[in-house]
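Structure first, then comments.
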Amino acid sequence: MLTLKNDSIAQGVQQQVQTQTHPILATLVSFFCLGFGTAAWAPLIPYAQQRLHVDHADFGSLLLCGGLGSMLAMPLTGLIIQRVGCKAVIGLFLSVLLLMLPMLSLTHTVLMMAIALFLFGTAAGGLGVAINLQAVIVEKTFSRNMMASFHGMCSLGGLVGVMLVTCLLAVGLSPMLSAATITAIMILLTVFAFRHSLNRVQTGDQSIDQDEKPRGFIVPKPVILIFGLMCFIAFLSEGSSMDWSGIYLVDHFDVDKSYAGLAYTCFAIAMTAGRFSGVHIQKKIGEKNTVIYGAVIAAFGLALVIFTPVWWGVLCGYLLVGFGCSNIVPIIFSQVGRQNVMPKATALSYVSTMAYSGGLLGPALIGMLSMAMGLDMVFVIIAVMIVMIPALNLISQKMLK
3 MLTLKNDSIA
13 QGVQQQVQTQ
23 THPILATLVS
33 FFCLGFGTAA
43 WAPLIPYAQQ
53 RLHVDHADFG
63 SLLLCGGLGS
73 MLAMPLTGLI
83 IQRVGCKAVI
93 GLFLSVLLLM
103 LPMLSLTHTV
113 LMMAIALFLF
123 GTAAGGLGVA
133 INLQAVIVEK
143 TFSRNMMASF
153 HGMCSLGGLV
163 GVMLVTCLLA
173 VGLSPMLSAA
183 TITAIMILLT
193 VFAFRHSLNR
203 VQTGDQSIDQ
213 DEKPRGFIVP
223 KPVILIFGLM
233 CFIAFLSEGS
243 SMDWSGIYLV
253 DHFDVDKSYA
263 GLAYTCFAIA
273 MTAGRFSGVH
283 IQKKIGEKNT
293 VIYGAVIAAF
303 GLALVIFTPV
313 WWGVLCGYLL
323 VGFGCSNIVP
333 IIFSQVGRQN
343 VMPKATALSY
353 VSTMAYSGGL
363 LGPALIGMLS
373 MAMGLDMVFV
383 IIAVMIVMIP
393 ALNLISQKML
403 K
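Everything in the sequence shown is counted per the working numbering, starting at 3 for the first residue and increasing by one.
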């Protein structure tokens with residue numbers, strides 16, 4: 003009897019621990035999937051442009067479809083979660099994301115590519131908002147600061163995704179088979195993430211603060227728009243690295259298309275390392291200096307990309323861009339979580355919308371501008387925008403006082 007009782011107690015404790023850790027693991031896996039799925043598209047981009055026989059401007063217009071999809075999905079995601087919970091939304095967007103990757107590698111018509119990119123952008127944008135909102139709720143529920151780890155997993159997913167596809171292409175697999183491999187892996191990850199994601203905005207018997215719940219339309223405060231602008235710039239640099247670094251290598255240095263993903267791989271390696279070391283860096287030099295030094299390093303890296311005469315200089319430049327930008331967004335998201343001028347979930351929805359639009363809508367604008375002034379000059383503009391981030395952060399902190 004005593005043994006049975008002890009076994010029962012042990013099983014109960016184990017079940018309680020699993021119940022507590024599964025939402026955290028599901029959130030980590032969801033962030034990984036977002037980075038994994040979106041970054042896997044980067045090495046496939048030069049193949050898609052060649053397959054469709056379009057120039058930079060036309061391809062930029064196609065990328066705009068992905069940005070439009072994300073822009074439409076992101077403002078609505080928070081309101082939808084309020085009605086159906088995080089679980090259903092995360093499961094839906096993960097499913098669409100993994101299904102669109104093979105479509106992007108298969109389609110030979112501009113119309114089908116536009117539709118696939120629209121759905122791909124919709125899934126990526128909506129998933130970004132959903133998992134960030136779930137991350138806020140998980141942090142609140144378990145009273146733990148985990149945002150840097152969550153964003154670090156997204157960067158790690160991006161690194162694994164771009165490296166895996168680059169390797170598959172390098173050993174001779176077709177873009178379709180490479181995308182199918184990514185899809186198969188994502189199916190397994192999606193099953194776990196969906197099963198253990200939060201079913202409702204309010205979980206268990208713990209009430210989430212009203213500030214954490216999505217609400218109806220509220221006009222964003224100016225400081226929230228500044229937060230969003232900083233994230234837009236940071237995500238724009240990431241989006242330009244993902245969508246245009248491979249094309250830049252191929253066009254300017256005649257690098258073989260199968261190795262076009264190397265530039266974004268370097269970016270992702272540095273960003274992943276920077277985010278997982280972010281807590282230590284912030285303890286050493288503080289949030290303000292982390293943002294300042296990060297922006298300077300990223301701008302210098304982009305300048306190296308522009309002016310280097312050798313292809314490996316581009317890789318070094320993207321290492322600096324990735325490391326410099328790595329902690330800017332997590333710091334800003336933490337600042338959004340600490341502000342009290344707006345409900346946190348509403349503010350997070352606005353900032354997420356502006357942030358992910360920089361990553362998804364920005365590359366389309368880069369393609370259009372590059373036809374008028376060249377990719378080099380567009381990268382100069384992005385570098386100048388990155389340098390503006392420390393000043394914007396200083397302004398935002400003064401507005402909160």
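Think of the CB as a built atom: it goes at the ideal place given N, C-alpha and C, for glycine as much as any other residue.
Residue i (DSSP reduced to helix, strand or coil)
i	result
Gln13	Residue confidence for Gln13 is low, a pLDDT of 46 falling below 50, so the modelled location carries little weight and cannot support an answer.
Pro392	helix
Asp60	helix
Asp256	coil
Lys142	helix
Lys400	helix
His24	helix
Leu342	Correcting the residue identity first, residue 342 is Asn in this sequence and not Leu. DSSP places Asn342 in coil when its eight states are reduced to three.
Ser372	helix
Leu405	Given a span of 3 to 403 for the chain in the structure shown, any question on residue 405 remains unanswerable.
Thr205	Summary for Thr205: the model assigns pLDDT 42, below 50, so the residue's position carries little reliability; its value from the coordinates is reported in the next sentence. Note: Thr205 maps to strand in three-state DSSP.
Asn329	coil
Ser157	helix
Met1	Here the chain has residues from 3 to 403 only, and residue 1 is not among them.
Ala137	helix
Thr29	helix
Gly163	helix
Val193	helix
His198	helix
Val307	helix
Ile210	Only weak support exists for where Ile210 lies, its pLDDT of 44 falling under 50; the value from the coordinates is given anyway. DSSP places Ile210 in coil when its eight states are reduced to three.
Val173	coil
Met387	helix
Euclidean distance between Cα positions of residue i and residue j
i	j	result
Tyr352	Phe237	14 Å
Gly37	Ser336	20 Å
Val338	Leu362	21 Å
Ala118	Leu101	9 Å
Leu96	Met356	21 Å
Gly80	Leu135	8 Å
Leu27	Cys169	28 Å
Ser359	Val312	32 Å
Ala349	Leu304	30 Å
Arg146	Val382	39 Å
Leu94	Thr310	43 Å
Thr185	Met148	27 Å
Ile308	Asp378	6 Å
Leu200	Val162	26 Å
Val398	Ser372	First, the residue type needs correcting, since residue 398 is Ser and not Val in the sequence shown. One C-alpha to the other measures close to 32 Å.
Leu64	Val112	8 Å
Gly250	Pro104	With the sequence shown as reference, residue 250 is identified as Tyr, and Gly is not the correct amino acid for it. In a straight line, the C-alpha of Tyr250 is about 24 Å away from that of Pro104.
Val138	Lys89	14 Å
Phe255	Ala44	18 Å
Gly123	Asp245	13 Å
Ile210	Thr143	Bear in mind that the predicted position of Ile210 carries a pLDDT of just 44, short of 50, making it too unreliable to give a figure here.
Leu367	Leu66	7 Å
Gln341	Leu317	37 Å
Val257	Ser151	34 Å
Arg85	Lys346	18 Å
Gly1	Lys285	Since the first and last residues shown for the chain are 3 and 403, residue 1 lies out of range.
Proximity below 8 Å, CB of residue i to CB of residue j
i	j	result
Leu306	Gly296	no
Ser328	Arg277	yes
Ile271	Ile391	no
Val131	Met73	no
Ile287	Leu394	no
Cys233	Val343	no
Ala300	Ile388	yes
Gly160	Thr40	yes
Phe61	Gly369	yes
His198	Phe33	no
Thr274	Ser157	yes
Thr267	Val140	no
Val164	Ser239	no
Leu99	Ala125	yes
Ala181	Leu106	yes
Glu289	Ile333	yes
Pro2	Val173	Absent from the model: residue 2. The displayed extent of the chain is 3 to 403, so no value can be given.
Val193	Ala42	no
Leu231	Val31	no
Leu108	Met178	yes
Cys35	Ala262	no
Leu171	Ser260	yes
Residue i Cβ short of 7 Å to the ligand PLP heavy atom set
i	result
Val112	As far as ligands go, the structure on display features none, and thus does not contain the ligand PLP.
Short CB-CB distance (under 8 Å) between residue i and chain B
i	result
Ala137	In summary, chain B is missing from the structure at hand, where a single protein chain is found.
message: Which complete alpha helix (DSSP H) runs does the segment 214 to 289 hold, if anything under 4 residues is left out?
response: 224 to 255, 264 to 278
field: Within the segment 69 to 125, ranges of the alpha helix (DSSP H) (whole runs, at least 4 residues)
entry: 88 to 108
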